[in-house]
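Here's the structure we're looking at; comments come further down.
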Amino acid sequence: MSVVARPQAPFGRRIVHVTDRRVAGPYVALTARDRGGPAPLAGQFYMLMTPTTWGGGADGRPYLPRALSFARAVSTADGIALDFLFEGVGPGTDRLMEVGVGDELLIAGPFGNGFALDGERWPVLVAGGIGLAPIVALEDELRELDGVRATTFVGMRSIDHASAAGLYELEHELATEDGSAGHQGYVTDLVKAHLEEHAESTVYACGPAAMLEAVRVLCAELGVPSQLAMESGMACGFGACYGCVVPTKDGFTRLCVDGPVLDGSQLDTALISGAPH
Amino acid sequence: MSVVARPQAPFGRRIVHVTDRRVAGPYVALTARDRGGPAPLAGQFYMLMTPTTWGGGADGRPYLPRALSFARAVSTADGIALDFLFEGVGPGTDRLMEVGVGDELLIAGPFGNGFALDGERWPVLVAGGIGLAPIVALEDELRELDGVRATTFVGMRSIDHASAAGLYELEHELATEDGSAGHQGYVTDLVKAHLEEHAESTVYACGPAAMLEAVRVLCAELGVPSQLAMESGMACGFGACYGCVVPTKDGFTRLCVDGPVLDGSQLDTALISGAPH
Amino acid sequence: MPVEFCGIELEHPIVNASGTYDALAARRVFGDAFERNFPFSAYVSKTITLDPRAGNPPPRLWELGQGMINSIGLPNKGLVRFVEEDLSEYATLPAPLIVSVMGFSVDELIAILEALDGRDEIAALELNFSCPNVKTGNIVGSDPVECEAMMTQLRAHSDKPMIAKLAPSTSRPDLVAMAAESAGADAVSLINTLPGMAFAPGTSRPWLGAGSGGISGPAVRAVALGQVVRVSTSVRIPVIGMGGVENSRDAQQLLDAGARLVAVGTENFRDPAAGNRISAGLAQPAESAANPD
Amino acid sequence: MPVEFCGIELEHPIVNASGTYDALAARRVFGDAFERNFPFSAYVSKTITLDPRAGNPPPRLWELGQGMINSIGLPNKGLVRFVEEDLSEYATLPAPLIVSVMGFSVDELIAILEALDGRDEIAALELNFSCPNVKTGNIVGSDPVECEAMMTQLRAHSDKPMIAKLAPSTSRPDLVAMAAESAGADAVSLINTLPGMAFAPGTSRPWLGAGSGGISGPAVRAVALGQVVRVSTSVRIPVIGMGGVENSRDAQQLLDAGARLVAVGTENFRDPAAGNRISAGLAQPAESAANPD
Ligand SMILES: Cc1cc2nc3c(=O)[nH]c(=O)nc-3n(C[C@H](O)[C@H](O)[C@H](O)COP(=O)(O)OP(=O)(O)OC[C@H]3O[C@@H](n4cnc5c(N)ncnc54)[C@H](O)[C@@H]3O)c2cc1C
Ligand SMILES: Cc1cc2nc3c(=O)[nH]c(=O)nc-3n(C[C@H](O)[C@H](O)[C@H](O)COP(=O)(O)OP(=O)(O)OC[C@H]3O[C@@H](n4cnc5c(N)ncnc54)[C@H](O)[C@@H]3O)c2cc1C
Ligand SMILES: Cc1cc2nc3c(=O)[nH]c(=O)nc-3n(C[C@H](O)[C@H](O)[C@H](O)COP(=O)(O)O)c2cc1C
Ligand SMILES: Cc1cc2nc3c(=O)[nH]c(=O)nc-3n(C[C@H](O)[C@H](O)[C@H](O)COP(=O)(O)O)c2cc1C
Ligand code: FES
Ligand code: FES
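Protein chains in written order, with the numbering used here: chain A, 1 to 277; chain B, 1001 to 1277; chain C, 2001 to 2293; chain D, 3001 to 3293.
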């Protein structure tokens, strides 16, 4: 169970100003100053768009806002400094790539449930690619709870991609697909080795659907609880449209309000058709 | 009769690079290097759009290309240096306002008939506001024909707007609506005084519909021929859509192929419903 | 801008489009601020059916440059659980409740109407004759003869104001609306989504789990305006206009076109407080044209 | 990619949509280069009528974010002058000629068909059953019964291949297409423009001189894809698919959806050589998905 109650999102959307922009390999990290919202829980997300020229990309898109996890949330005297980490994979993220310091973003949130921390068991954090964002946030959250030390595994395509973890000085073990740094292969190789030694863990994972599915199967086999931060196409983020459902053992579940973090045991598969990437 | 034959537009549209950008009051002048097209005739126009983010403005527009007269065309070893002069009045021109040196434009043209020069009579050129563009081009064209000296009248809202004429060192008599420079009042006051003295003139005019209508009526009363460069909403510019028609004494006429310059005697009115501005 | 609709006094003309705002979920997400600033003058529920429905398989959304295609497929708890679990919760919302209903046969619809007829929580019923996401969904809403026949049979089974929600897939929405009116409808609403399809990127297979879906958002605004003009000038009963409304200028245009109320749909997804923004903008007619909000 | 259509061999599947390319005007504007690079494998004329028509009063165009509304209203010289003045000029274009025709009654259409039947310049006829810009224009193209009746009467009056151009304003385009097929149509084409309206900025008056018009361009692409899928799987005669095609990816999708030919309309206005670009892009299937052209 999460030790913190899910915070309430301010009603509507609000303008935030971008105060920092960093590049790490193919990824961009934007920091925005949120004066209107509460401190979010790791695993929660925001719906983002730009106030101008949202549209005009391929096929005239983007039109709907885009769901982005926050990667770090630092409370300051002047609101929450929210970090978003992303890669240009389509018209929405391409437009966000163009956003610079001083520019405005329109955000709504924080939305979704966030990870439910299990104080009893050893937290094992697993990030794949851009799935790093909520894992950084979770590591921050755990560090603030005294005494909780997490083991973190990160899988990336290459050393170039892996530089994103450096933006957040994340202590982690690395796997790269091309072997340019850390273990050559999938991050799930590392996770498997770890869990076989430490069955008293709970796994918190975010990454591509195939990785999440491998984690889910692995955890199920070893009897380790897993919490999977998933993705699906979202129009609203606050339960209005019923567009973001994923199949679970209880039927279709709206990922924006009953997720994005689902317990592995709720799922027959984490391979969701039509997931963003 | 025009002394030059109407040049043929290259088939299709082409990319041109912007080599210069100047600002004069609310107006912007872009120079683009056209390596693919012929020298145009004064009064002809091009269809313009940007290759990227054409769209994403108000209501997702612009979608169609925009018709713009050229203001100056200078033949160089490296193609024609084409000048476009415009003001941001909607999503299309607003987007063009953002274009900078080194950026690309997509153009098609030159389209339309251009002014038909009448070698026998004294050329009187009349520009209102952004209607300056083809008048500058016509003055250039006349200057190149040895011996032809034109009298040019320019009407602008204010001295700020009038600075556009300075971009082209256009010799002219000025009227401003607010009296901040030149004659206070409408440019047609000046034209009227001139024509009453010099009935042997032909008037070449471009400007807002109300100005063109005043010029048309004045010329008709004085028996002076008038050539009016008009505007209407255009989708294609090359006669494909039949969207740009204006009512003439011969019925509806496609302004893009049978204009944009119409003889005042062809018209019952120059007040066209739905003209761009 | 108070407005009267089928005997109900509403504070302003902006309501939500059915299926585009789960107010119970929004209350959980946004808390008190949502109720204090309730975006709509009346609340229209998502369409309910007699039996529970899981809805269509995902993916259910496809984005367009100026809108989206959805194939949600009317997931809902079914009549019994709606009445038992949700109705009393809806009743606590600070706006009159309009319940949207759909049936796969006249008998189903009659069963629903009879079950809801006595419920004071419900101010009016919207009959969804036009969902493109269920088979045979939009025939009734696009065919005058079918619409009149259906409406005539239903009329006897409820005393509540009944709003017929029409389909846009017809060349004569005016005839369909007149048929609904003559058979006793108290109002008509339009437009529902336009049927449409998209292939998954790089394939020739439909993207949407259900194959095809319904187009909404600004892409359908010009269709909506045309149909609302045509219907408003043909019937005397009030019209709820919707389709692509993004700002108060769009809403004002539908009102000028003859609509009594305007429903906001897809724009809610981009801005949970779109309803507030739009109704506030209507109150200031002068600015709205220049700087629509 | 040669393709056979109603017995005509075409070099590739890209043609123009009727009314979106005046090839005679384009030849004057672009000269030889236009003929050498003729953008279409067959040329479809603007719709002609028995009597001359001036078309609708301006303004005739309204721009949308992803398309436009037009109210052109079928201006044309009328049958007699078309045959006398234009037909021989069209015959010199480097592509087979398909003539689009419209009538305000069966008799008018029969008169046109009979006048054109002997003309070898004409490879096929397109029957425009679906123009939203003339009164009663699109009933035939959206109603199976009307369509079958009309087609049956016309069939006897021409030996040329006849293409029925259908209206998108129906919930069952498949039934309309099947009706056309059963009455002897050799092909169907779809979609024509969707009826729509826009108010002049800051007013509540229609912008278009004719009041309302027809929507085309990318805004209607998802509607077109859905209808082409539905019709192609319901008839055996070839289908000409159109609606919002901007690039070879869009064209390929309509081909994958079952269309034999694809027509390019509004995109011609943005790029006079759109047809060349799109047919060239079809020849390179590998790249087209990633970087549509
Ligand atoms: C809860 C949550 C948190 C997320 N957090 C992050 C994050 O922190 N960082 C990050 O980079 N991303 C994150 N994402 C993913 C991101 O929201 C999506 O990748 C988003 O779609 C990107 O938008 P785009 O326009 O750039 O790409 P899209 O064009 O949306 O492409 C992404 C995918 O969408 C699908 N698609 C393509 N075209 C369409 C269309 N027309 N309509 C619908 N779907 C289409 C395809 O599957 C495609 O691969 C998150 C998603 C969720 C749900
Ligand atoms: C031959 C010719 C030459 C021209 N030369 C020049 C030139 O040299 N410089 C210059 O600045 N301009 C020139 N114009 C005018 C220019 O093409 C138009 O002003 C153009 O519409 C501006 O586009 P916009 O998007 O900025 O404004 P728009 O939004 O197009 O607004 C301009 C006008 O268009 C109408 N309008 C508004 N919304 C719509 C809509 N959705 N659909 C259709 N119409 C709408 C209204 O009347 C509005 O006032 C010329 C026009 C023609 C025909
Ligand atoms: C995600 C989604 C779900 C919808 N569900 C319903 C529904 O359950 N019942 C209904 O009558 N209309 C439904 N609609 C249609 C809307 O009520 C509305 O008619 C349509 O979206 C046009 O309005 P808009 O362009 O403002 O969205 C739905 C629309 C969307 C986008
Ligand atoms: C300006 C314009 C004029 C048109 N004129 C005709 C016409 O004369 N006859 C006809 O059958 N269709 C006409 N159409 C419809 C097109 O042929 C086509 O069906 C429609 O535009 C959809 O294709 P698009 O989205 O590629 O433009 C016209 C369309 C436009 C935009
Ligand atoms: S994204 Fe709309 S309900 Fe989840
Ligand atoms: S702008 Fe298309 S015919 Fe003139």
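Glycine is no exception: its CB is placed at the ideal position from the N, C-alpha and C atoms.
Annotation for Val-3228 of chain D: no beta strand (DSSP E) segment contains it, though the alpha helix (DSSP H) segment containing it runs 3221-3232. Identification of residues in the segment 1011-1030 of chain B having a C-beta nearer than 9 Å to some C-beta of chain D yields Phe-1011, Gly-1012, Arg-1013, given in sequence order.
Distance from the Cα of Gly-3209 of chain D is smallest, within the candidate group D:Pro-3059, D:His-3012, D:Asp-3022, for D:Pro-3059. Checking the 7 Å criterion, the Cβ of Gly-1239 of chain B is within range of a heavy atom belonging to ligand 6. Below the 8 Å Cβ cutoff, chain B contributes Thr-1053, Gly-1056, Gly-1057 as neighbours of Thr-53 of chain A, in chain order.
Separation of Leu-1138 of chain B and Gln-1008 of chain B (C-alpha to C-alpha, rounded to the nearest whole angstrom) is 19 Å. Within chain C, not a single residue places a beta-carbon under 8 Å from that of Gly-3217 of chain D; the smallest gap is close to 10 Å.
Taking a contact as a CB-CB distance under 8 Å, the pair Val-1224 of chain B and Ala-1199 of chain B counts as one, their CB atoms being some 6 Å apart. Ser-1201 of chain B counts as buried, since no fewer than 16 other beta carbons sit within 10 angstroms of its beta carbon. Rounded to whole angstroms, the Cβ separation of Ala-3091 of chain D and Glu-3121 of chain D is 4 Å, and the two are in contact under 8 Å.
Note on Thr-3049 of chain D: 16 or more other CB atoms within 10 angstroms of its CB, so buried under the neighbour-count rule.
Residue contact check for Ile-80 of chain A against chain C: no CB pair falls below 8 Å. Interface with chain D (8 Å Cβ-Cβ cutoff): Gly-243 of chain A is excluded. Taking 8 Å as the upper bound on Cβ-Cβ separation, chain A lies near no residue of the segment 1126-1159 of chain B. A residue is called buried once 16 or more other Cβ atoms fall within 10 Å of its Cβ, and Lys-2046 of chain C is buried on that count. Proximity of the beta carbon of Pro-2144 of chain C to ligand 2 is not indicated: no heavy atom of the ligand is located closer than 7 Å. Between Gln-2066 of chain C and chain B, the shortest Cβ-Cβ separation is below 8 Å.
Spatial neighbours of Arg-35 of chain A in its own chain (CB-CB distance under 6 Å, excluding positions within 5 residues in sequence) are listed in chain order as Gly-79.
Looking at C:Leu-2074, C:Val-2228, C:Pro-2161, the one whose alpha-carbon comes closest to that of Pro-2173 of chain C is C:Val-2228. Annotation for Met-2242 of chain C indicates a beta carbon at 7 Å or more from all heavy atoms of ligand 5.
Scanning chain D for C-beta atoms nearer than 8 Å to the C-beta of Gly-60 of chain A yields Gly-3065, Gln-3066, Pro-3218, reported in chain order. Closer than 7 Å at the C-beta level to chain A, one finds these residues of the segment 2053-2064 of chain C: Ala-2054, Gly-2055, Pro-2058, Pro-2059, Arg-2060, Leu-2061, Glu-2063, Leu-2064. Uninterrupted beta strand (DSSP E) stretches at least 3 residues long and entirely within the segment 2144-2185 of chain C occur at 2162-2165, given in chain order.
Annotated three-state conformation of Pro-2096 of chain C is coil, per DSSP.
Among the residues facing chain A, Ile-2072 of chain C is included, as its CB has a counterpart in that chain under 8 Å away. Minimum Cα-Cα distance from Thr-1152 of chain B among the listed residues B:Ser-1158, B:Val-1203, B:Leu-1145, B:Ala-1164 corresponds to B:Val-1203.
Assignment of Val-224 of chain A by DSSP, reduced to helix, strand and coil, places it in the coil class. Gly-3067 of chain D has D:Leu-3064 as its beta-bridge partners, per DSSP. By the Cβ neighbour-count rule, Thr-1076 of chain B is exposed, with fewer than 16 other Cβ atoms within 10 Å of its own. With contacts defined by Cβ atoms closer than 8 Å, Ala-175 of chain A and Gly-182 of chain A form a contacting pair. For Tyr-3090 of chain D, the closest Cβ of chain B is not nearer than 8 Å. In this structure Leu-1048 of chain B is in contact with Leu-1096 of chain B, their Cβ atoms being roughly 7 Å apart against a cut-off of 8 Å. Relative to the non-hydrogen atoms of ligand 4, the Cβ of Ile-3191 of chain D comes within a distance shorter than 7 Å of at least one.
A straight line joining the alpha-carbon of Thr-2152 of chain C with that of Glu-2181 of chain C spans about 10 Å. Secondary structure of Ser-1201 of chain B (DSSP, three-state): strand.
Between the alpha carbons of Ala-3111 of chain D and Gly-1102 of chain B lies a distance of about 58 Å.
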